[in-house]
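Below is one structure, written out as structure tokens; the observations come after it.
Numbering (the numbering used here), first residue to last: 226 to 1027.
Now the structure itself:
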């Protein structure tokens, strides 16, 4: 299938090393335009990133793209198979961003970029950023990226722009949506030094008409009432979509429609965020089949779907009639894009007012949440003036400009005025792992994973248990509802007398990864306790779930619904720990083999760009990685560490006879009672000292010589210091074994580095390590550190699987 002209223009820009801001109407092929450069470069092994991170505002969009492109890439018959992955709060299939084409929610991708990933523990927080910053980046439906509030410049949208302003000419990216205001479009092009690609009127007409020979047409009507089952049924033909702004309103309207259509052939379905993945996927598949372009696949004569914003993007579907509550113009037209979507179709869109809520003082107000009152009122007035009219892409753009121009102009002005404060928050996240920054930098009303269980012990590993991702404000509302329902309730057992709890993980010793993580649970006694947690459990007596309505809170009852518990898995590498006896040189050789085989090609493009744009030495990043691998475990050759190794190996009957053998791993299997007993006995005689910061210090002279660049040197020293814990910044006393110097020379023989002139620092010097690590507000050094530490940690973990 040939490309449309605008898709060719995107390809030409990206191939020329430029980044793109793409504006194209819904249903014209934005996704293909953005991914074609990556897919083509993958097949022809062109000079281009070997990973693409495709960020979307909603997980339904990620679900569809992952399903679609998993199938497509298999059909393409690539000589190198492409690993297509998805990473959302609901489907965490790629928590370390190791896939080739990754579809992720913006919360997941941006938290990884900032060094505070939702998908990993605090200790592992520095693992993912290097993948993000070495990838081809696509940001879809950019207008839906969250802002912290109406008046400020915080949130995922502005954070993404700030990062991209720093990444100009370093990595290629595409920002795209159907609904940029003209002001936003032109100003972003200037700020990001990007090329604007738009669909022309002639192109749109040709795409919209297709083989049908006539354009699709949508007529809009504004209704000064709220949505009702009667109005929906009166206008229903065979396929109707209904969009509500809030889950509770969607559930209530679904119930009304079920009653209204009882005894008819009309099938009613509900779709929102509080369904289990299996049920939600089945619903999405049903909707795609019944509302898709291939009418021969349809099996149901008449159908109405009630949904929330989850249907606004991602589902490639159409209908004759669409009913929607008022929303900002950009969101409104995204929803309308599911009506008369395909060439030659005609449809009607009905826009309704929102219900009113009553305050404590008796005054009522329109409930626009989760949207801005100003933008919704502006959209209402613009649409009211056009009620009854057919609007095409240019007409819709006029409405967007009327409604959003001033807000967009103010947002960009606020962003530039507050840039200093934004970067304070960004650096706090990147350097300090400050997770509280996620609320300001990504999404203030971010998600909390909600589980249901009779006791905390019943959920097993809470971060692997079945859960629902709900907005933090929604969970606070659930807490109030629980407190109301619990007023006359008394649990039969004391350990069941609770409403909502959150976990705190106890961090094991980072230098002894065999120690398991444990959780302590605390009751949520005040809504403020929910501000800092990512997960809660609700007492299952208050929970109900079914395929029709989804998850909800109900008065206490005996047959409460519970989440499936999560497993505590024992695996090698980053997830569990079994080891084989390994010398220093063997360990370094294995890690370098893994780097060359699995990771080197992924850094080729970014290494070239860093040399061209930042003035780094050619092959400087590769040399830095080799230096980090070669020196990262130097302090395991501390005399005390080697004594412990020999005590342990002797206790398991595998004594080390060679006094110059420098072991970095022992033969350890946590399932072996003998190994457990030997560990305890050895610990009583000799404690293994920490080794991360100590390794950085002992190898500092060698690292500086190998890197030949101050920023690279600091990046390597920081990566070694933090290769077990992302927040480490200090070291303790150490004294290397006399055999350490020869072991290092043997290890260096496997690298691409020359024989060093410098010597190891055999004993701890009187210095402050922090002075030699990356500078706190130096974006370039932080990125170099992220590149190095990712490979170091992954290769270290994978080395025991070889």
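For every residue, glycine included, the Cβ atom is placed at its ideal position computed from N, Cα and C. Just so you know, these numbers come straight off a predicted model, no measurement behind them.
Pairing residue 596 with residue 579 gives a Cβ-Cβ distance that is not under 7 angstroms. Judged by DSSP secondary structure, residue 918 falls within the alpha helix (DSSP H) whose first and last residues are 917-923. Under a 10 Å Cβ-count criterion, residue 977 is classified as exposed, with fewer than 16 other Cβ atoms of the shown protein chains found around its own Cβ. Annotated three-state conformation of residue 692 is coil, per DSSP. Counting C-beta atoms within 10 angstroms of its own C-beta, residue 479 has 16 or more neighbours from the protein chains shown and is therefore classed as buried.
Using a 10 angstroms sphere on the CB of residue 274, the tally of other CB atoms reaches 16 or more, which defines it as buried. Taken atom to atom, the span from the alpha-carbon of residue 1017 to that of residue 972 is near 15 angstroms. Sequence-distant Cβ neighbours of residue 435 in its own chain, meaning closer than 8 angstroms and more than five residues away, are 567, 568 and 569.
In this structure, residue 916 keeps its C-beta atom at 7 angstroms or more from the C-beta atom of residue 836.
The shortest CA-to-CA distance from residue 472 to any of 265, 776 and 420 is the one to 776. Here residue 351 has 340, 947, 951, 1011 and 1014 as same chain residues with Cβ atoms under 7 angstroms from its own Cβ, once five neighbours each way along the sequence are excluded.
In this structure, the straight-line span from the alpha carbon of residue 389 to that of residue 282 is close to 17 angstroms. Residue 672 and residue 336 have their C-alpha atoms roughly 13 angstroms apart.
For residue 650, the uninterrupted alpha helix (DSSP H) run begins and ends at 644-657, by DSSP. By the Cβ rule, the region 855-872 counts as touching the region 915-933, because three or more pairs are nearer than 8 angstroms.
Out of 585, 609 and 598, the CA that lies nearest to the CA of residue 575 is found in 609.
Counting C-beta pairs with one atom in each stretch, the region 442-449 and the region 613-626 have three or more that are closer than 8 angstroms, which means they touch. Residue 756 and residue 870 have their alpha carbons spaced roughly 44 angstroms apart. Between residue 279 and residue 363, the C-beta gap is smaller than 7 angstroms, which places the two residues in contact. The beta carbon of residue 690 is closer than 7 angstroms to those of 676, 684, 788, 789, 790 and 791 in its chain, skipping five residues each way along the sequence. By the neighbour-count criterion, in which 16 or more other beta carbons inside 10 Å mark a residue as buried, residue 681 falls on the buried side. Of the other Cβ atoms in all chains shown, fewer than 16 fall within 10 Å of the Cβ of residue 884; this residue is therefore exposed. Rounded to whole angstroms, the separation of the alpha carbons of residue 587 and residue 511 is 43 angstroms. Judged by beta-carbon spacing, residue 631 lies beyond the 7 angstroms limit of residue 607, meaning their Cβ atoms are not closer than that value.
Using a C-beta cut-off of 8 angstroms, the region 823-842 makes no contact with the region 716-726, since fewer than three inter-stretch Cβ pairs fall below that distance. An exposed status is given to residue 793, since fewer than 16 other beta-carbon atoms sit within 10 Å of its beta-carbon. Contact between residue 401 and residue 365 holds, with the beta-carbon distance rounding to 6 angstroms and staying under 8 angstroms. Bridge pairing for residue 807: 890 [DSSP]. Three or more beta-carbon pairs separated by less than 8 angstroms are not found between the region 453-460 and the region 506-520, which leaves the two stretches without contact.
No Cβ-Cβ contact shorter than 7 angstroms links residue 763 with residue 816. Nearest to residue 249 by alpha-carbon distance, out of 420, 429, 354 and 484, is 429.
Collapsing the DSSP output to three states places residue 747 in a strand.
Residues of the same chain with a CB within less than 7 angstroms of the CB of residue 876, apart from the 5 flanking positions on each side, are 903, 906 and 907 in chain order. Using a Cβ distance threshold of 7 angstroms, residue 922 and residue 812 do not count as a contacting pair. Listed as beta-bridge partners of residue 768 by DSSP are 778. Around the CB of residue 411, fewer than 16 other CB atoms lie within 10 Å, so the residue is classed as exposed.
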